[in-house]
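**Q**
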Amino acid sequence: MNLRRLAAGLGLAAILAPPLAAAPPQVHALTGARIVVAPGRVVESGTVVIRDGIVSAAGDAVEPPADARLHDLAGLTIYPGLIDAYVTVPWPEDEDGEGDDLPVAGGDARGLVVPQRDASRHAVDPERFRRLRAAGFTTAMIAPQQGLLRGTSALVNLGDGGASRNVLARGVAQNLTLRASDGGGYPASLMGAEALLRQTLYDARWYARARAAYERRPAQERPPFSPVLEALDGVASGRMRVVIETQDVLDTLRWVHLIDEFGLDAVLVGNGEEYKRLAAVAASGLPHVLPLAFPEPPGVSSSSDDLSVGLEELRHWQRAPANPGLVASRLPVAFTSHGLSDPKQIHSNLARAIARGLDPDAALAGLTTVPAELLGLAGRAGTVTPGAMANLLVVDGELFVDSPKLRQVWIDGRRYELKESKPPEVDPAGTWSVTVRTGDGQQMSFTLKLEGTADSLRGSIATPGGELPLSSVTVSGKTVEMELDSTPLGMPGTIQLSMTVTGDGGRGSGTAPPGPFTFTARRTSKPNPETTP
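Mapped onto the working numbering, the consecutive letters of the sequence shown carry residue numbers 1280 to 1812.
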């Protein structure tokens, strides 16, 4: 495969020289970097080889293959791509699927007991993925947000493209919580929520036995079909793990008893109060996914504020950053950006937790090997080892500081540059004539169309078969960053372009599966102001 295919795909002359395209696009060698292979295992200077989206070799004695594209990462550190073990997504109310006329899901409980939801249907969100990538995440577990029995989660990589490219597994776990109704409806109390949950789980046990008995001896009354209870079969039998979002430490202890009563295979999403009953929490032996959303400092700007701040609130503000270290020293702990307004805040909060006693290796394990183990990805994610997905994070300097310098993430062997965003200083909307120049001075041309405003752009490239949409367009200062999926051109992968705009002119560089290139651009027309959104 070479750049001629790019030209052919865009309906252009095949003028590109062979030397530029000698290396197959799916083979990369990241050389000269410090490699954090796994928590506690570091190679001070080595090479990582990626082939077809998989790490094929990593270490200090690895030689780049002859067919690899070389990436000099001297002075940088390669970490395993980070894994967010709990990302919740809103669920459309009109998409809860078939209803149920059994008591458990009838009446006021409708919308609360919805285990038949499948998060893979709404797992892929380009903007959410971009925000998580910007924080160094390459993989996440996506779970439905609303309800008591909320539905099953999906495991995804955070790359460009749709579900077929990114969904790793569906039905990973059933998601539960205990919470009274926010709107005053049923259940109006925590006691009511627990009663509804318990009754549902007992009904699921009965339903599984009844269906099994009918299958063994059909000459009896057939039990009614229930999509709700059918979806809980794996939970009732212990074959499907449950992920439980807790509200406070008393809720954690309540769940410990329920887990024991129903024999659930459970992981608890923590609440930051585990330190208050640490011995009891540790005695449960349950793995935890801990949010790192620490409380804000209490407002004490006036004497009335001073009087309104209680001692318990002050104690929690002071002690919460020590909670991750206390729990991680006793239980398997993964970390999540859940509860943060921006996933990137996880780094400054982890730095606070480390300063308060969290072991740095445990911090890294909580974002790599522990969630990989909990999510069934051990050996496939969380380490930089042969056979693992090429999901990597490239950092300039240390990772666990307030503002780490994240430079790249690699997902399935595809590179995503991470750059600090600046307010747009140019408006690049319009039609552009782009001329690409190859390494030996030859060139090809195509038309680029950008529409919208500088902070909300969309675009496409004109091809003989129609418009090929850009998967993302962002403006930072005077620079326009663009990406498009090159699979429709017969080249699995991504084309990335970075263009600096000056007036109606532009110049920049890019990468395509066959190799890098440079280009110049000239704006031939601007959008009609009356039709611009």
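Ideal Cβ placement from N, Cα and C applies to all residues, glycine included.
In the DSSP assignment, the beta strand (DSSP E) including VAL1516 goes from what residue to what residue?
**A** Translated into positions along the sequence shown, residue 1516 becomes position 237. Here residue 1516 is Ser; the residue named in the question, Val, does not match the sequence. Per DSSP, SER1516 belongs to no beta strand (DSSP E); it is in the alpha helix (DSSP H), 1512 to 1516.
**Q** For the beta strand (DSSP E) containing ASN1670, name the first residue and the last one.
**A** One-based indexing of the sequence shown puts residue 1670 at position 391. Taken as a continuous stretch (DSSP letters only), ASN1670 belongs to no beta strand (DSSP E), as it is neither H nor E.
**Q** Taking the Cβ atom as the reference point for each residue, do VAL1535 and PRO1566 lie within a distance shorter than 9 Å?
**A** Residue 1535 sits at position 256 when you count from the first residue of the sequence shown. Residue 1566 sits at position 287 when you count from the first residue of the sequence shown. Not in contact: VAL1535 and PRO1566 (Cβ atoms no closer than 9 Å).
**Q** Let's see if you can read the secondary structure: which residues bound the beta strand (DSSP E) around ASP1764?
**A** Reading the sequence shown from its first residue, position 485 is the one you call residue 1764. Unbroken beta strand (DSSP E) run through ASP1764: 1758 to 1764.
**Q** Please determine whether the Cβ atom of GLU1342 lies at a distance below 8 Å from any heavy atom of the ligand GTP.
**A** Ligands displayed in this structure: none; no statement on the ligand GTP is therefore possible.
**Q** Under 8 Å, with one C-beta from each stretch per pair, do the segment 1325 to 1340 and the segment 1615 to 1634 reach the 3-pair mark?
**A** These segments do not touch.
**Q** Closer than 8 Å is the cut-off here; do at least three beta carbon pairs connect the segment 1516 to 1533 with the segment 1544 to 1551?
**A** Yes: the two stretches touch, three or more of their Cβ pairs being nearer than 8 Å.
**Q** If the criterion is Cβ atoms closer than 9 Å, does the pair ALA1657 and ALA1651 meet it?
**A** As a first step, residue 1657 is located in the sequence shown; it is residue number 378 there, counting from the start. As a first step, residue 1651 is located in the sequence shown; it is residue number 372 there, counting from the start. Cβ distance < 9 Å, so ALA1657 and ALA1651 count as in contact.
**Q** Throw me the rounded Cβ distance for the GLY1756 and LEU1729 pair, which I believe falls under 8 Å.
**A** For the purposes of this step, residue 1756 is taken as residue 477 along the sequence shown, with counting starting at 1. For the purposes of this step, residue 1729 is taken as residue 450 along the sequence shown, with counting starting at 1. Incorrect: roughly 16 Å between the Cβ atoms, too far for contact.
**Q** For a quick check, are the C-beta atoms of LEU1610 and VAL1673 less than 9 Å apart?
**A** Indexing the sequence shown from 1 puts residue 1610 at position 331. Indexing the sequence shown from 1 puts residue 1673 at position 394. In this structure, VAL1673 does not lie closer than 9 Å to LEU1610 by Cβ.
**Q** Which partner residues of HIS1307 appear in the DSSP bridge assignment?
**A** Your numbering for residue 1307 matches position 28 in the sequence shown. According to DSSP, HIS1307 bridges with ILE1329 and ARG1348.
**Q** In three-state DSSP terms, what is LEU1505?
**A** The residue given as residue 1505 occupies position 226 in the sequence shown. For the sequence presented, residue 1505 should be read as Ser rather than Leu. The answer is coil: DSSP assigns SER1505 none of H, G, I, E or B.
**Q** For the segment 1510 to 1527 and the segment 1443 to 1459, state whether three or more C-beta atom pairs, one from each stretch, are separated by less than 8 Å.
**A** The answer is yes - the segment 1443 to 1459 touches the segment 1510 to 1527, with three or more Cβ pairs under 8 Å.
**Q** Could you check the C-alpha separation between VAL1316 and VAL1705 for me, to the nearest Å?
**A** As a first step, residue 1316 must be located in the sequence shown, where it is residue number 37. As a first step, residue 1705 must be located in the sequence shown, where it is residue number 426. Their Cα atoms are separated by approximately 41 Å.
**Q** Within 10 Å of its beta-carbon, does LEU1590 have 16 or more other beta-carbons around it, so buried, or fewer, so exposed?
**A** For the purposes of this step, residue 1590 is identified with residue 311 of the sequence shown, where counting begins at 1. It is exposed - the Cβ of LEU1590 has fewer than 16 other Cβ atoms within 10 Å.
**Q** Please tell me whether VAL1327 and VAL1341 are closer than 9 Å, where the distance is taken between their beta carbons.
**A** Your numbering for residue 1327 matches position 48 in the sequence shown. Your numbering for residue 1341 matches position 62 in the sequence shown. Yes, the pair counts as a contact, with Cβ atoms nearer than the cut-off.
**Q** Kindly indicate which three-state DSSP category ALA1800 falls into: helix, strand or coil?
**A** Within the sequence shown, numbered from 1, the residue matching residue 1800 stands at position 521. Note: ALA1800 maps to strand in three-state DSSP.
**Q** Considering just the uninterrupted stretch of the alpha helix (DSSP H) at SER1563, what are its terminal residues?
**A** Counting from 1 along the sequence shown, the entry for residue 1563 is found at position 284. Counting along the chain, the alpha helix (DSSP H) containing SER1563 begins and ends at 1557 to 1563.
**Q** Tell me, please, which residues DSSP counts as bridged to ASP1640.
**A** Here residue 1640 refers to the residue found at position 361 of the sequence shown. DSSP output for ASP1640 lists no bridge partner at all.
**Q** What three-state label does DSSP hand PRO1574 in the structure shown?
**A** Here residue 1574 refers to the residue found at position 295 of the sequence shown. DSSP places PRO1574 in coil when its eight states are reduced to three.
**Q** Does the separation of the CB atoms of THR1726 and SER1750 fall below 9 Å?
**A** Along the sequence shown, read from residue 1 onward, the residue named residue 1726 stands at position 447. Along the sequence shown, read from residue 1 onward, the residue named residue 1750 stands at position 471. No, these two residues do not count as a Cβ contact at 9 Å.
**Q** Using 9 Å as the threshold, is the C-beta distance between ILE1362 and GLY1661 below it?
**A** The residue labelled residue 1362 in the question sits at position 83 within the sequence shown. The residue labelled residue 1661 in the question sits at position 382 within the sequence shown. Contact: yes.
**Q** Quick one: Cα of ALA1572 to Cα of ASN1628, how far?
**A** Numbered from 1 along the sequence shown, position 293 holds the residue referred to as residue 1572. Numbered from 1 along the sequence shown, position 349 holds the residue referred to as residue 1628. For ALA1572 and ASN1628, the distance between alpha carbons rounds to 8 Å.
**Q** Can you tell me whether GLU1762 is buried or exposed? The criterion is at least 16 other CB atoms within 10 Å of its CB, across all chains shown.
**A** Along the sequence shown, one-based indexing puts residue 1762 at 483. GLU1762 should be labelled buried.
**Q** Starting from TYR1695 and walking both ways along the beta strand (DSSP E), at which residues does that stretch end?
**A** Taking the sequence shown and counting its residues from 1, the one referred to as residue 1695 is at position 416. First-last of the beta strand (DSSP E) with TYR1695: 1693 to 1696.
**Q** Please classify ASP1363: does DSSP put it in a helix, a strand, or coil?
**A** Indexing the sequence shown from 1 puts residue 1363 at position 84. Strand at ASP1363.
**Q** Which one or two residues does DSSP pair with VAL1752 in a beta bridge?
**A** Residue 1752 sits at position 473 when you count from the first residue of the sequence shown. Looking at the DSSP assignment, VAL1752 forms a beta bridge with MET1761.
**Q** When DSSP labels each residue in this structure, what does PHE1679 get in the three-state scheme?
**A** On the sequence shown, residue 1679 is found 400 positions in, with the first residue counted as 1. Three-state result, PHE1679: coil.
**Q** Under the three-state reduction of DSSP, which class applies to GLU1704: helix, strand or coil?
**A** Translated into the one-based positions of the sequence shown, residue 1704 becomes position 425. If DSSP states are grouped into helix, strand and coil, GLU1704 belongs with coil.
**Q** Using 8 Å as the Cβ pair cut-off and three pairs as the minimum, do the segment 1509 to 1518 and the segment 1482 to 1489 touch?
**A** Touching, per the Cβ criterion.
**Q** Near THR1799, which residues of its chain fall below 6 Å by C-beta distance, leaving aside the five closest residues on each side in sequence?
**A** In the sequence shown, the residue the question calls residue 1799 occupies position 520. Excluding residues within five positions, the ones whose Cβ falls inside 6 Å are THR1714 and ARG1786.
**Q** Which of the three DSSP states, helix, strand or coil, is assigned to GLN1597?
**A** Position 318 of the sequence shown, counted from the start, is the residue given in the question as residue 1597. Residue state, collapsed to three classes: helix.
**Q** Out of GLY1731, VAL1780 and GLY1784, point me to the one whose CA is closest to THR1803's CA.
**A** Here residue 1803 is taken as the residue at index 524 of the sequence shown, counted from 1. Of the candidates GLY1731, VAL1780 and GLY1784, the one whose C-alpha sits nearest the C-alpha of THR1803 is GLY1784.
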